[in-house]
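Structure first, then comments.
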Amino acid sequence: MWTVILIISLLKVIDAANGLDAFHQKYKLLNDGNVIPALAFGTWANTSDLHKVIPSVIYAIEVGYRNLDTAHLYGNEHLIGEALSIVFERGLVRREDIFITTKLDVSVPSREMVIPSLQKNLWRLKLDYVDLFLIHTPYNTFNYPNYDILDIWRGMEDAKKLGLTKSIGISNFNSTHVNRILKYGKIRPAVNEIEVNPTRTQLDLVAYTQSQGITVMSYAPFGYLVPRMSNEFVPPTFGDPTLVKIARKYGKDTSQVVLRYLMDRDTIPIPRSHNPLHISTNADLFDFSITQEEVYAINEFNKNLPAYGSGEGFTRLIRQAYNALLQTMALLYK
Ligand SMILES: NC(=O)c1ccc[n+]([C@@H]2O[C@H](COP(=O)([O-])OP(=O)(O)OC[C@H]3O[C@@H](n4cnc5c(N)ncnc54)[C@H](OP(=O)(O)O)[C@@H]3O)[C@@H](O)[C@H]2O)c1
Ligand SMILES: *[C@@H]1O[C@H](CO)[C@@H](O)[C@H](O)[C@H]1NC(C)=O
Ligand SMILES: *[C@@H]1O[C@H](CO)[C@@H](O)[C@H](O)[C@H]1NC(C)=O
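Taking mature numbering (1 follows the signal peptide of the UniProt record, and there is no 0), I'd label the letters of the sequence shown as residues -16 to -1, 1 to 318.
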């Protein structure tokens, strides 16, 4: 009798411990009280690869990703919506088990257009709310007169108050942009999604952002370890001795070490892949962590080299992507 009770209570303790562990390892608390899964799946795809989005997203959810990153600009929200309908229907996950991040249309000129625009994101995604809604870029992509990022931020605050998004945040904001929102905004951004990887470590921006209680999501987590548009070769490679040594120590792949490095800097990496093997290895990060010394060793690869350009170059890319998107969308929703 007592043995049975003892075993039951022991099992309960183990259960609680596991729950706590899972919480600390796999979720992070945002500054607005919401929780976010500690790893996200990137969904951007080249126009010629759009047909791979639905199967990749479904597979990602099957292997355990619970956080999807998309944007109006990616022209794939309708595909994410389709994939979600399928996984909900199959009972793989419920809406409340999955965290959806999307971003504001870069052509929105002012506060009052934010909510109507978000309603279109939601319609494409077939959702009645998103978990996180981000301003995609601090820059005035189309050079609107009187454009003010703070005015747009007030529209984001309106969206959160209406419950159309659980959390609001920013993307590609440098510390000057972040500071302006902190000074004049009413709601603190929950997240800043920026490029962070071994060749662009962003030590200062990550430190400032985190010191203000804002969670960093790291895009282009593989930096120049994978081919980029510029076709530039920049070390390290996945075969780099520093990375290989760390990977051997933990019995992991070097790609997993790079993602774990971003997690051990307290950021949320957003790897993207259409390859089932990569999709699953990129998610298998929760049974190890690297030391501070190893984080410093990887920081040494920094060249502050952006994968997607910076300043005007970055904005030009966004404008190009937007024009390509208009053509795709014109075909889809005449
Ligand atoms: N907020 C913004 O402005 C912004 C800008 C850029 C990106 N993002 C977000 O961040 C996500 C990721 O950024 P990114 O697209 O630059 O991604 P990335 O994950 O750094 O690189 C993707 C590339 O890495 C390859 N890859 C993935 N896993 C691999 C592995 N284990 N081993 C070897 N190669 C691997 C992929 O090829 P395979 O398909 O063959 O695996 C793909 O070519 C995007 O999808 C998007 O959601 C946001
Ligand atoms: C998209 O794919 C085309 C070929 O289909 C290629 O020329 C182009 O470089 C790709 N763009 C990116 C950003 O990978
Ligand atoms: C942030 O970008 C703006 C340009 O939009 C620039 O004026 C400012 O100096 C930058 N701040 C930092 C800290 O780099």
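Just so it is clear, CB atoms sit at the ideal spot from N, CA and C, and this is done for glycine as well.
Burial state of residue i, where buried means 16 or more other Cβ atoms lie within 10 Å
i, result
"Glu96", "exposed"
"Leu209", "buried"
"Met247", "buried"
"Gln304", "exposed"
"His56", "buried"
"Phe285", "buried"
"Arg249", "buried"
"His8", "Residue placement at His8 is poorly supported in this model, since its pLDDT is 42, which falls under 50; the coordinates still yield a value, given next. That one is exposed."
"Leu309", "buried"
"Tyr203", "buried"
"Pro219", "exposed"
"Asn307", "exposed"
"Gly297", "exposed"
"Arg212", "buried"
"Ser80", "Sequence inspection shows Glu at residue 80; the Ser mentioned does not correspond to that position. The residue in question, Glu80, is exposed, as its Cβ has fewer than 16 Cβ neighbours within 10 Å."
"Lys150", "buried"
"Thr299", "buried"
"Lys145", "exposed"
"Gly223", "exposed"
"Lys87", "buried"
"Ser257", "buried"
"Glu278", "buried"
"Asp5", "At Asp5 the pLDDT is 40, less than 50, meaning the model places this residue with poor confidence and gives no usable figure here."
Residue i versus residue j - alpha carbon distance
i, j, result
"residue 359", "Val180", "With the chain represented from -16 up to 318, any question about residue 359 goes unanswered, as that position is not in the structure."
"Gly75", "Glu46", "11 Å"
"Asp237", "Leu23", "17 Å"
"Ala281", "Asn288", "16 Å"
"Phe25", "Tyr168", "32 Å"
"Ile253", "Ala231", "Note that residue 253 corresponds to Pro in the displayed sequence, not to Ile. If you take the alpha carbons of Pro253 and Ala231, they lie about 18 Å apart."
"Arg172", "Val77", "30 Å"
"Tyr11", "Arg108", "27 Å"
"Met313", "Glu66", "16 Å"
"Lys170", "Met140", "11 Å"
"residue 319", "Lys233", "Coverage of the chain is limited to positions -16 through 318, which leaves residue 319 absent and any answer about it impossible."
"Tyr123", "Glu177", "14 Å"
"Ser195", "Asn15", "12 Å"
"Ile64", "Pro39", "10 Å"
"Phe272", "Ser32", "36 Å"
"Ile154", "Lys104", "19 Å"
"Val19", "Phe117", "14 Å"
Among the options, nearest to residue i - alpha-carbon criterion
i, options, result
"Pro290", "Arg184, Ile274, Ser257 and Glu284", "Arg184"
"Gly17", "Glu61, Val175 and Ser69", "Val175"
"Asp142", "Gln194, Ser94, Asp188 and Gly207", "Ser94"
"Phe83", "Ser101, Asn215 and Asp112", "Asp112"
"Asp115", "Gly297, Lys10, Pro21 and Ala267", "Pro21"
"Leu301", "Tyr58, Ser195 and Ile263", "Tyr58"
"Ile119", "Phe126, Ser151 and Trp137", "Trp137"
"Ser294", "Asp132, Ser214, Ala267 and Glu73", "Ser214"
"Glu216", "Gln196, Tyr292, Tyr43 and Val98", "Tyr292"
"Tyr49", "His35, Val71, Val242 and Leu63", "Val71"
"Thr54", "Glu80, Leu106 and Leu189", "Leu106"
"Leu316", "Leu34, Val19, Asn15 and Leu13", "Leu34"
"Val242", "Asn259, Thr221 and His62", "Thr221"
"Ile92", "Gly197, Phe272 and Phe126", "First, the residue type needs correcting, since residue 92 is Val and not Ile in the sequence shown. Minimum Cα distance to Val92 is reached at Phe126."
"His62", "Thr251, Val190 and Lys110", "Lys110"
"Leu13", "Ile198, Gln240 and Thr31", "Ile198"
"Ser239", "Lys104, Ala267 and Ile99", "Ala267"
"Leu166", "Asp188, Gln186, Leu187 and Tyr192", "Tyr192"
"Ile152", "Thr85, Gln186 and Pro100", "Thr85"
"Asn283", "Gln194, Val228, Gln186 and Ile154", "Gln186"
"Thr251", "Met201, Leu189, Tyr131 and Lys229", "Met201"
"Asp132", "Val228, His161 and Lys104", "His161"
Within 7 Å, strictly: CB atoms of residue i and residue j
i, j, result
"Leu261", "Arg244", "no"
"Thr27", "Asn60", "yes"
"Asn158", "Thr121", "no"
"Asn102", "Leu148", "Per the sequence presented here, residue 102 reads as Leu, with Asn not at that position. In contact: Leu102 and Leu148 (Cβ atoms closer than 7 Å)."
"Gly207", "Pro182", "yes"
"Ala29", "Val41", "no"
"Pro205", "Pro129", "no"
"Ala44", "Ile263", "yes"
Interface flag, residue i vs chain B, CB-CB below 7 Å
i, result
"Glu80", "Note that chain B does not occur in the displayed structure, where there is just one protein chain."
*asked:* Strictly closer than 5 Å from CB to any heavy atom of ligand 1: give me those residues in the order they appear in the chain.
replied: Matched residues: Gly26, Trp28, Asp53, Ser155, Glu177, Tyr203, Ala204, Pro205, Phe206, Val210, Ser239, Ile254, Pro255, Arg256, Ser257, His258, Asn259 and His262.
*Please write down, chain order preserved, every residue whose beta carbon lies under 5 Å from a heavy atom of ligand 3.*
Asn158, Ser159 and Thr160
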